[in-house]
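Residue numbers (the working numbering): 467 to 844.
Worksheet: the structure to be examined is printed underneath.
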Amino acid sequence: MAGPDFPRAEYESRLAAIQTSMHGANLDALFFTSEAEMRYFTGFRTLFWQSPTRPWFLVVPRSGMPVAVIPEIGADLMRSAFVGKVRSWASPHPDDDGLSLLVDALRPHARVGMMIGRETALRMPLADFETLRTGLAGCEFTDATAMVQRQRMVKSEAEIALIGEICSIASKSFEAAPQLFREGQTLSDAFRAFKIELLKNGAEDVPYLVGGAGQGGYGDVISPPGEDRLEAGDVLMLDTGATLHGYFCDFDRNFAIGHASADARLAHDTLWRATEAALAVARPGATCRDLFEAMAAIVGDNGGDVGRYGHGIGMQLTEPPSLAGFDETVVQPGMVITLEPVIRICPDKIMVHEENIVIRDGEPQLLTRRAPRDLPVI
Numbered sequence: 467m468a469g470p471d472f473p474r475a476e477y478e479s480r481l482a483a484i485q486t487s488m489h490g491a492n493l494d495a496l497f498f499t500s501e502a503e504m505r506y507f508t509g510f511r512t513l514f515w516q517s518p519t520r521p522w523f524l525v526v527p528r529s530g531m532p533v534a535v536i537p538e539i540g541a542d543l544m545r546s547a548f549v550g551k552v553r554s555w556a557s558p559h560p561d562d563d564g565l566s567l568l569v570d571a572l573r574p575h576a577r578v579g580m581m582i583g584r585e586t587a588l589r590m591p592l593a594d595f596e597t598l599r600t601g602l603a604g605c606e607f608t609d610a611t612a613m614v615q616r617q618r619m620v621k622s623e624a625e626i627a628l629i630g631e632i633c634s635i636a637s638k639s640f641e642a643a644p645q646l647f648r649e650g651q652t653l654s655d656a657f658r659a660f661k662i663e664l665l666k667n668g669a670e671d672v673p674y675l676v677g678g679a680g681q682g683g684y685g686d687v688i689s690p691p692g693e694d695r696l697e698a699g700d701v702l703m704l705d706t707g708a709t710l711h712g713y714f715c716d717f718d719r720n721f722a723i724g725h726a727s728a729d730a731r732l733a734h735d736t737l738w739r740a741t742e743a744a745l746a747v748a749r750p751g752a753t754c755r756d757l758f759e760a761m762a763a764i765v766g767d768n769g770g771d772v773g774r775y776g777h778g779i780g781m782q783l784t785e786p787p788s789l790a791g792f793d794e795t796v797v798q799p800g801m802v803i804t805l806e807p808v809i810r811i812c813p814d815k816i817m818v819h820e821e822n823i824v825i826r827d828g829e830p831q832l833l834t835r836r837a838p839r840d841l842p843v844i
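What follows is the structure in structure tokens.
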């Protein structure tokens, strides 16, 4: 049975930091229902979250160890994690799917923080949550989103090392493009070949692989592959979120098949320069808005209406913050983010370029192997 992915000291540090924040916010406990937060604070990692049948709960008190309230099917694995008490029940249950145990765990706490803001979700039936609130009439539930996200944005060196390793694996896999992709190949075969290459090079899993292809550019950046065949003049893009010990990389690469049009070459060069502009201002004290505006100044009026030009990354494919005009988050050493400018080539074609970096004192550190300035031709 596998235990947590990091030494115990990593989780002790995370717990101490959040409990210090809880003292400052006058919170008695934090209540989580989502996979990322449960894994972050306990090291409990399982693919069983793919099943929506059972709810999972974690209570982090202001002092002491986390308390897991989980289905019995996960109790054995949870006991190997960084956790105090493990309370379990036979789930699914027709009447009480862990609610009575959860009420008991939360009853001593008068003020409980929850993730209820942007980029969060309640992973339990809403009716059960209303029943929970009724059973804890004296308990105040309040928003702790900013507190938790602020801590998770800044990665430890152990987290950065894992993200760097999966970025290196994906970079190596992209460098095999001339052997993987070819004119006449179906897009689905190209995706399959790249996924196999990622796994051969050491990726643990490839839960996210999207992209597109088309003459001089592509229509979107989130499509699964179809059976269309690559043709000369196509631009092929693959965007991967491969993982290692549950931590993601998230970046893409563009390739021209046979030859590249002048517009495609110009678009790729513009995106490369936009990324350079962001790298030049990605320093502690800059804001996410500063990075967004640096890229937008290069892309100009041809920028796509995607809302942002990058985001945080870690245990989730996308995490806060957003490199967007509205996000005033100040970047700090240890933040791992993507730089992801996009450009519109014509009314129905775009191109996207993405790199993964970590903010350091001074210049940022590239975790991906920087794409060439010139659009590669296969």
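Heads up, the beta-carbon is just placed ideally off N, CA and C, and yes, glycines get one too.
Predicted model, so just to flag it, every value in this text is computed and none were measured.
C-beta atoms of residue i and residue j nearer than 8 Å
i: residue 812; j: residue 788; result: no
i: residue 563; j: residue 554; result: no
i: residue 584; j: residue 608; result: no
i: residue 748; j: residue 797; result: yes
i: residue 619; j: residue 778; result: yes
i: residue 589; j: residue 499; result: yes
i: residue 580; j: residue 528; result: no
i: residue 722; j: residue 730; result: yes
i: residue 844; j: residue 640; result: no
i: residue 720; j: residue 841; result: yes
i: residue 775; j: residue 750; result: no
i: residue 635; j: residue 656; result: no
i: residue 470; j: residue 548; result: yes
i: residue 691; j: residue 745; result: no
i: residue 496; j: residue 571; result: no
For residue i, the residue or residues it bridges with in DSSP
i: residue 607; result: 578
i: residue 722; result: 701 and 843
i: residue 819; result: For residue 819, which the question treats as bridged, DSSP gives no partner whatsoever.
i: residue 671; result: 709
i: residue 525; result: 497 and 533
i: residue 714; result: 709
i: residue 543; result: DSSP output for residue 543 lists no bridge partner at all.
i: residue 652; result: 695
i: residue 810; result: 816
i: residue 614; result: DSSP, once it has assigned bridges, lists no residue as partnering residue 614.
i: residue 620; result: 801
i: residue 555; result: 537
i: residue 509; result: Answer is none; residue 509 lacks a bridge partner.
Residues of its chain near residue i, where Cβ-Cβ distance is below 8 Å and the 5 sequence neighbours each way are ignored
i: residue 592; result: none
i: residue 756; result: 747
Local Cβ density within 10 Å of residue i, reported as buried at 16 or more and exposed below that
i: residue 819; result: buried
i: residue 582; result: exposed
i: residue 762; result: buried
i: residue 492; result: exposed
i: residue 716; result: buried
i: residue 559; result: exposed
i: residue 677; result: buried
i: residue 815; result: buried
i: residue 792; result: exposed
i: residue 725; result: exposed
i: residue 516; result: exposed
i: residue 599; result: exposed
i: residue 532; result: buried
Residue i at chain C interface by Cβ criterion, 8 Å
i: residue 829; result: This model lacks chain C altogether, as it is built from one protein chain only.
Cutoff 7 Å; reference residue i; Cβ partners in own chain excluding five residues on either side
i: residue 781; result: 502, 505, 506, 712 and 713
i: residue 476; result: 622 and 624
i: residue 637; result: 834 and 835
i: residue 786; result: 585, 615, 619 and 778
i: residue 565; result: 594, 597 and 598
Close-in-space but distant-in-sequence residues of the same chain around residue i (CB under 6 Å, 5 per side omitted)
i: residue 479; result: none
i: residue 537; result: 520 and 557
i: residue 541; result: 552 and 554
>> Check whether the segment 732-740 and the segment 659-678 touch, using three or more Cβ-Cβ pairs below 8 Å as the test.
In response: no
> How do the segment 669-688 and the segment 704-713 stand: do at least 3 beta-carbon pairs fall below 8 Å, yes or no?
Replying inline: Segment contact: the segment 669-688 against the segment 704-713, three or more CB-CB distances shorter than 8 Å; contact assigned.
> Can we say the segment 796-810 touches the segment 819-832, given the rule of at least three CB pairs closer than 8 Å?
Replying inline: Flag = yes, the segment 796-810 and the segment 819-832 touch.
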